[in-house]
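Participant:
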Amino acid sequence: MNNFSHIDQIPENSQLLKQNNRERNIFISLFYTKTFDEARTSLTKDGFRERSQRGWHIYYTCKKRGCKKMARIKILQNKYLVSWNGKEHSCNVINLSKRGIPDFIKHFIKQKVFDKVKPREIKKMVEENFPSYNIEIKQIRNFCCYIRKNH
């Protein structure tokens, strides 16, 4: 009996591997934009960062480590095609995207700064009072410094 009968299966496995790689690289078109800035800002608002550029494609990945969602911008003659790899975020996108501090939270922080509350304590208060907003301690510190300088 031949112990090498499994060798006949190797070409099939390599074909399967090539097919899996092709499937992994499929991108689904989302929309066209006329300016590059418009395409880039739409992706950065959704929690993406620029990863690399190859040929006429600029690739973006999710900011969160381990998330499989990717997007790319394809540069055409007069427009930019934004597409994605068909996978959903495996992370919380709201916490990832860098957004400014909403006005009502700014007002809350101003009151606490005038009451001489430290930024770390302000962050805890913001998390308790506004749990759906994830504002980083760095954003709060920068805003506190801005308030102290200008008021």
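To convert, count from 1 in the sequence shown and add 21; that's my numbering.
The beta carbon of each residue, even a glycine, is placed where N, CA and C say it ideally should be.
Computed from a predicted model, the values in this text were never measured in an experiment.
1. Any contact of the stretch 127-134 with the stretch 157-169, i.e. 3+ C-beta pairs under 8 angstroms?
2. Can you tell me which of the three DSSP states K95 falls into?
3. At the level of alpha carbons, what is the spacing between N150 and V134?
4. What whole-angstrom Cβ distance do T54 and Y101 have, given they're in contact under 8 angstroms?
5. Using only the alpha-carbon positions, how far apart do H172 and G87 sit?
Facilitator: This is what the structure holds:
1. Enough Cβ pairs lie closer than 8 angstroms, so yes.
2. Strand, per DSSP.
3. Just so you know, the alpha carbons of N150 and V134 end up roughly 16 angstroms apart.
4. Rounded to whole angstroms, the Cβ separation of T54 and Y101 is 5 angstroms, and the two are in contact under 8 angstroms.
5. In this structure, the straight-line span from the alpha carbon of H172 to that of G87 is close to 43 angstroms.
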